[in-house]
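**Q** For reference, the structure I am asking about is given below.
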Amino acid sequence: DRTFSMGPSVMSRLLDYFDLSGDILQTHIDSPRSTAYLAALFYSVNRLNCFYAYGAGSNLKQYRKYIDDLGINNIRLFAESFTSFPLESNRFRTVVGIFANPPNSFSAISDPIDLICSRGGDLGMLEILTDTSISDDGKYRVSLILEEQLRTLVLAMCRPQVQFILYQTHSIVNSENEDMTKCAVNMVNEAALKKHQILSMERKRLEALEEAEAANIPSAALSTSPRKRNNANEVKQQLIGVNDSSSDDQECEDEVLLPEVDEFTAVDIPDVCKNQDNCVKNAETGCFLSLVQRKEITRLNAKYLIYMAEMRGLFGNSAETKSTKGKVLKAQESNTDTQNVKSTIVDGTKKVYQNIDTLLSKPSDVLPTFGDYNIPSISWNQQIDSNVLIRVFANVVSSDKIEPLLNY
6 DRTFSMGPSV MSRLLDYFDL SGDILQTHID SPRSTAYLAA LFYSVNRLNC FYAYGAGSNL
66 KQYRKYIDDL GINNIRLFAE SFTSFPLESN RFRTVVGIFA NPPNSFSAIS DPIDLICSRG
126 GDLGMLEILT DTSISDDGKY RVSLILEEQL RTLVLAMCRP QVQFILYQTH SIVNSENEDM
186 TKCAVNMVNE AALKKHQILS MERKRLEALE EAEAANIPSA ALSTSPRKRN NANEVKQQLI
246 GVNDSSSDDQ ECEDEVLLPE VDEFTAVDIP DVCKNQDNCV KNAETGCFLS LVQRKEITRL
306 NAKYLIYMAE MRGLFGNSAE TKSTKGKVLK AQESNTDTQN VKSTIVDGTK KVYQNIDTLL
366 SKPSDVLPTF GDYNIPSISW NQQIDSNVLI RVFANVVSSD KIEPLLNY
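Numbered per the numbering used here, the sequence shown finishes at 413, counting up by one with no gaps.
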């Protein structure tokens, strides 16, 4: 029981360790008791949304009845194998952590009888564990186990939302433990780097096409007809030299670096014991655990969503906003000058009616003094509306002094 409980004990604490919230997935059900134990531990984890367990196979009804008899209701069991789902499937889009426990040789189990009893009396497992000869069937069985382990790890790391994987075996063979983890991590990182290199080369090729199109290709060659489109593509290829030398491609590939959010690395198991450091010892417990995580953990919280919205320009560009405001202000100032003076033509003579704002905006040095008041200077070749004069005087003097000024 201790051997099959170490993995669930560590897995139940990783959401808090990485400060993540989301769904957790278990790839295989090697022991229904350990799966039920992990589900029971998740009762006290508020960060968990759902817990899924795959690989029940033909024992699905039996396992569901066993879980229901224990009173556990925070787990969903599936008969399908985890490795049967393609990468394009959206089944695991909310999963942030995976507990990978694929089939293994169980060579680290000290008491195989207890293991067989925990698996419901599996006589086939008893025959495998007690087989001392190396036969062709045994070699084939080992190859299938290694293939399933590698496929499970690779498919788990290829999910874009998955941030960490806890890998568990009960084997003393390095090819199933450290070597398997290193091989899977290297394969995934190399594939991710290759994809970024291809995207970088494609982006540079498109930029070169745009430059060549803007500089040398006539507009007639860029028609939407298929024939002209093919001719345009031929001209573009001739201009930019699509068939570059292999040395240029190598230089382009060397410039591309794998982002940390897409790179996986194997790290040490965190301390999960309260009163002891490094309590997880694989050799003593008969359980090998390996933790694989992304170099940069992505947390889908409010801060990250705001950052992504800013990167995609959903909030607008601050520089563009300022320039737009400046243009609007300049347009308003120019419109004010044109709207202040209104002119009409009556009987062949041009009459100019000045706005009250224009008169009041004139500096005081152009206003002659009349007593204690500043009266706007009036040019006698202009015809000023009397209503405008009344409004001007009303703004510069009090109401009890308007009458003598009008008489003047």
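Cβ coordinates follow ideal geometry from the N, Cα and C atoms, glycine included.
Computed from a prediction, not measured in an experiment: that's the story for all the values here.
1) Could you compute how far the alpha carbon of Leu-120 sits from the alpha carbon of Thr-174?
2) Under 8 Å by Cβ, that's how I've got Pro-37 and Tyr-59 pegged, so tell me the actual separation to the nearest angstrom.
3) Apart from the five residues on each side of it in sequence, which residues of its chain come closer than 7 Å, Cβ to Cβ, to Val-272?
4) Please state whether the Cβ-Cβ distance between Leu-53 and Ile-77 is less than 8 Å.
5) Examine the Cβ distances between the stretch 148 to 156 and the stretch 105 to 118 and report whether three or more of them are shorter than 8 Å.
6) Under the rule that 16 or more other beta-carbon atoms within 10 Å means buried, what is Cys-278, buried or exposed?
7) So what's Ser-36 in DSSP terms, helix, strand or just coil?
8) Going by alpha carbons, who is nearest to Asn-473 out of Gln-168, Glu-132, His-33?
9) Does the pairing of the stretch 76 to 94 with the stretch 7 to 23 give three or more beta-carbon distances under 8 Å?
10) What number of angstroms, rounded off, separates the C-alpha of Thr-290 from the C-alpha of Ser-176?
11) Along the chain, where does the beta strand (DSSP E) containing Gly-102 start, and where does it finish?
12) Just tell me which of Leu-305, Phe-169, Ser-205 has its CA closest to the CA of Val-261.
13) Could you have a look at Asn-54 and say whether DSSP puts it in helix, strand or coil?
14) Put Val-167 into one of helix, strand or coil per three-state DSSP.
15) If you draw a straight line from the C-alpha of Phe-269 to the C-alpha of Ala-220, how long is it?
16) Taking the straight line between their C-alpha atoms, what separation do you get for Ala-307 and Met-313?
17) So for Ser-295, helix, strand or coil by DSSP?
**A** Answer, in terms of the structure:
1) 14 Å
2) Incorrect: roughly 13 Å between the Cβ atoms, too far for contact.
3) Leu-296, Gln-298
4) no
5) yes
6) exposed
7) coil
8) Since the first residue of the chain shown is 6 and the last is 413, residue 473 is not available in this structure.
9) no
10) 11 Å
11) 100 to 105
12) Ser-205
13) strand
14) coil
15) 43 Å
16) 10 Å
17) strand
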